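A.B. asks:
Structure (structure tokens):
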């Protein structure tokens, strides 16, 4: 995983999937957590971001996704569990194949991340997202109107 600690915080190179279907979006959270995020994870060395997002969906949710297009390149500065993070994220629009069991919007999906963290995934109506504790918070408004061309976003929750 491309992630390393410095004296000033942790650096991550992350990729994420905006899985949007029938006016819903698939979100994840730690099983006992209160904030939601898009499925995805850290890229491996010498792995493209598109390959990484497909790998993460397959490993965590057992889903074969198709990367449609890049939506956002995000410089994200935040604090999590009292640690400062500087994260570069590539966010893709990803579709699931017709008939995928993951498209069942009535079920939550429990799964375990490779590093042993229990997670939950579930579908949210796009109209619910603005009132959801979704991180990074810019997604609360941006998911309802996906950009046609990639956008560069700098999102700073730390206020350096």
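Numbering (the working numbering), first residue to last: 296 to 455.
Glycine included, C-beta positions come from ideal geometry on N, C-alpha and C.
Predicted model only: the values in this text are computed from it and were never measured.
(1) So, with DSSP's three-state summary, where would you put residue 344?
(2) Output the distance between the C-alpha atoms of residue 371 and residue 380, rounded to the nearest integer angstrom.
(3) Residue 426 by DSSP, collapsed to three states: which one?
(4) Tell me whether the region 297–305 and the region 319–331 touch, counting them as touching only if at least three CB pairs, one residue from each stretch, are closer than 8 Å.
(5) Would residue 413 and residue 405 qualify as a contact pair, given that the criterion is a beta-carbon distance under 8 Å?
(6) Whose CA, out of 438, 428, 435, 436, lies closest to the CA of residue 329?
(7) Taking only the alpha-carbon atoms, compute the straight-line gap between residue 338 and residue 408 and give it to the nearest angstrom.
C.D. replies: Considering the structure as presented:
(1) Helix at residue 344.
(2) Between residue 371 and residue 380, the C-alpha separation is close to 8 Å.
(3) In this structure, residue 426 counts as helix in the three-state DSSP scheme.
(4) When Cβ pairs closer than 8 Å are counted between the two stretches, the region 297–305 is seen not to touch the region 319–331, the count staying below three.
(5) Contact check for residue 413 against residue 405 passes: the beta carbons are separated by less than 8 Å.
(6) Distances from the CA of residue 329 to each of 438, 428, 435, 436 were compared; the closest alpha carbon is that of 428.
(7) If I take the Cα positions, the gap works out to 14 Å.
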